[in-house]
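Colleague: Numbering (the UniProt record's numbering), first residue to last: 1 to 365.
Ideal Cβ placement from N, Cα and C applies to all residues, glycine included.
Attaching a single structure in structure tokens format; questions to follow.
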């Protein structure tokens with residue numbers, strides 16, 4: 001419950017609301033009143049992360065997920081950040097590009113999906129823009145010019161996030177999405193300057209980061225990495241080398257924080273040893289945020305041991321909008337939300353965006 005300083009961000013406590021894709025922004029992808037209430041309800045967290053937010057039309061890959069690439073989207077987000085600020089918290093926008101986990105139905109004119117290489121995502125399939133589950137498609141590699149264009153899209157999105165009143169941005173480089181696809185050897189077999197060894201595979205991340213830093217000071221920019229995760233068909237035998245290099249590369253920028261998915265409850269690829277927060281601390285001197293499967297007790301232990309400066313919580317926040325207050329007062333947590341409430345997967349949730357989203361009550365103290 002102690003305050004924390006993450007770069008230029010002063011948190012009232014060390015509990016962070018993790019980015020959670022909920023699909024409640026509708027077909028326009030413009031944040032709405034339901035989104036406003038949802039985030040306001042969770043402003044007890046010291047830092048509120050937006051759900052993953054697409055940086056361009058081609059970055060999309062999830063029905064109803066919001067964007068941050070038009071003035072209308074920025075205005076929608078401004079109504080959200082205003083309510084979070086009025087409720088006493090800070091809010092960061094997570095900048096997202098799906099890549100090979102997407103489907104052509106989300107693309108302009110049904111274009112082929114893109115990635116670092118032409119390696120399809122492993123797994124049991126993807127949901128289309130109309131909700132059918134189909135096999136993953138084969139992506140095409142982004143050209144060097146398209147990579148440059150994508151870097152610029154991140155910069156434009158970062159400016160829209162500033163216009164929207166966010167307190168900072170997080171460059172989503174985890175969980176098998178586009179940035180992670182470039183970083184890992186299992187999904188990047190390029191032979192140009194954006195592939196090969198880890199330096200080439202990390203080039204895209206460095207260029208995006210430096211473009212975002214033209215908009216935001218480093219103390220308001222975070223990064224998210226997932227060296228252990230199997231989600232999205234990820235996991236490479238050389239991940240220890242890769243993510244050690246990436247963390248060392250990031251260290252001189254003096255970012256607000258590095259959020260590392262160190263927990264294994266989201267799936268562990270088992271292709272190399274687990275990277276722990278202790279390993280991160282050895283090569284990265286900035287603030288560290290733990291993520292994935294933490295309880296209040298395990299988070300307290302990680303912070304007390306100086307393995308983490310703060311911890312982000314996801315699933316417990318779905319059914320406990322007042323998670324921080326419950327933990328602080330020793331009140332029982334509500335049961336986990338059922339999967340049917342996580343996303344919009346049926347007509348009832350599509351008709352009422354509040355259902356299973358803003359309808360979980362605070363503790364009846």
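Going by DSSP, what residue range makes up the beta strand (DSSP E) through residue 48?
Modeller: As a first step, residue 48 is located in the chain shown; it is residue number 48 there, counting from the start. Run containing residue 48: 47-49, per the beta strand (DSSP E) assignment.
Colleague: Count the other C-beta atoms from every protein chain shown that fall within 10 angstroms of the C-beta of residue 298, then say buried if there are 16 or more, exposed otherwise.
Modeller: Counting from one through the chain shown, the residue named residue 298 turns up at place 298. With fewer than 16 other Cβ atoms within 10 Å, it is exposed.
Colleague: In three-state DSSP terms, what is residue 155?
Modeller: Here residue 155 refers to the residue found at position 155 of the chain shown. In this structure, residue 155 counts as helix in the three-state DSSP scheme.
Colleague: Hey, residue 420 and residue 43 are a contact pair by Cβ (cut 8 Å); roughly how many whole angstroms apart?
Modeller: Outside the modelled stretch of the chain, which goes from 1 to 365, sits residue 420, for which no answer is possible.
Colleague: Are the Cβ atoms of residue 208 and residue 171 separated by less than 8 Å?
Modeller: On the chain shown, residue 208 is found 208 positions in, with the first residue counted as 1. On the chain shown, residue 171 is found 171 positions in, with the first residue counted as 1. Going by C-beta atoms, residue 208 is nearer than 8 Å to residue 171.
Colleague: Less than 8 Å between the C-beta atoms of residue 60 and residue 98, yes or no?
Modeller: Here the question's residue 60 lines up with position 60 in the chain shown. Here the question's residue 98 lines up with position 98 in the chain shown. It is a contact, given that the beta carbons lie within the stated cut-off.
Colleague: For residue 221 versus residue 169, is the C-beta distance shorter than 8 Å?
Modeller: Here the question's residue 221 lines up with position 221 in the chain shown. Here the question's residue 169 lines up with position 169 in the chain shown. Yes, they are a contact pair.
Colleague: Where are the alpha helix (DSSP H) runs, 4 residues long or more, that stay fully inside the region 153-213, in chain order?
Modeller: Counting only runs of 4 or more, we get 178-183, 198-201 and 203-212.
Colleague: Evaluate the contact criterion for the region 304-320 versus the region 283-293: three or more CB pairs, one atom per stretch, below 8 Å.
Modeller: Touching, yes, given that three or more Cβ pairs across the two stretches are closer than 8 Å.
Colleague: How would you label residue 138, buried or exposed, when you count the other beta carbons within 10 angstroms and need 16 or more for buried?
Modeller: For the purposes of this step, residue 138 is identified with residue 138 of the chain shown, where counting begins at 1. By the 10 Å Cβ count, residue 138 comes out exposed.
Colleague: Looking at the ligand NAD, does it come within less than 7 Å of residue 181, judged from the CB to the closest heavy atom?
Modeller: By its list of ligands, the structure shown contains no ligand whatsoever, and the ligand NAD lies outside what it can speak to.
Colleague: Would you kindly report the start and end of the unbroken alpha helix (DSSP H) that includes residue 289?
Modeller: Your numbering for residue 289 matches position 289 in the chain shown. Note, residue 289: premise wrong, no alpha helix (DSSP H); beta strand (DSSP E) at 288-291.
Colleague: Hey, how far is the Cα of residue 265 from the Cα of residue 21?
Modeller: Taking the chain shown and counting its residues from 1, the one referred to as residue 265 is at position 265. Taking the chain shown and counting its residues from 1, the one referred to as residue 21 is at position 21. Rounded to the nearest angstrom, the two C-alpha atoms are 17 Å apart.
Colleague: Confirm, please, whether the CB-CB distance from residue 202 to residue 249 is below 8 Å.
Modeller: Counting from 1 along the chain shown, the entry for residue 249 is found at position 249. Counting from 1 along the chain shown, the entry for residue 202 is found at position 202. Contact: yes.
Colleague: Suppose you measure from the CA of residue 81 to the CA of residue 239; what does that come to, to the nearest Å?
Modeller: For the purposes of this step, residue 81 is taken as the residue at position 81 of the chain shown. For the purposes of this step, residue 239 is taken as the residue at position 239 of the chain shown. Spanning the two alpha carbons is a distance of roughly 36 Å.
Colleague: Which of helix, strand or coil does DSSP assign to residue 333?
Modeller: As a first step, residue 333 must be located in the chain shown, where it is residue number 333. Residue state, collapsed to three classes: coil.
Colleague: When you compare only the Cα positions, how much space is there between residue 19 and residue 343?
Modeller: By one-based count along the chain shown, residue 19 stands at place 19. By one-based count along the chain shown, residue 343 stands at place 343. Using only the alpha carbons, I get a separation of about 13 Å.
Colleague: Rounded to the nearest angstrom, how far is the Cβ of residue 147 from that of residue 194, given a contact under 8 Å?
Modeller: Taking the chain shown and counting its residues from 1, one reaches residue 147 at position 147. Taking the chain shown and counting its residues from 1, one reaches residue 194 at position 194. Yes, residue 147 and residue 194 are in contact; Cβ-Cβ is about 6 Å, under 8 Å.
Colleague: Compute the beta-carbon to beta-carbon distance between residue 215 and residue 155, rounded to the nearest angstrom, for a pair I have assumed lies under 8 Å.
Modeller: Against the chain shown, residue 215 aligns to sequence position 215. Against the chain shown, residue 155 aligns to sequence position 155. Going by Cβ atoms, the distance from residue 215 to residue 155 rounds to 6 Å, so yes, they are a contact pair.
Colleague: Indicate the three-state DSSP secondary structure (helix, strand or coil) for residue 141 in the structure shown.
Modeller: As a first step, residue 141 is located in the chain shown; it is residue number 141 there, counting from the start. Correct three-state label for residue 141: strand.
Colleague: Please tell me whether residue 305 and residue 6 are closer than 8 Å, where the distance is taken between their beta carbons.
Modeller: As a first step, residue 305 must be located in the chain shown, where it is residue number 305. As a first step, residue 6 must be located in the chain shown, where it is residue number 6. No, the pair does not count as a contact, with Cβ atoms beyond the cut-off.
Colleague: So residue 91 is in the beta strand (DSSP E); what residue range does that whole segment cover?
Modeller: Along the chain shown, read from residue 1 onward, the residue named residue 91 stands at position 91. From DSSP, the beta strand (DSSP E) with residue 91 extends over 90-96.
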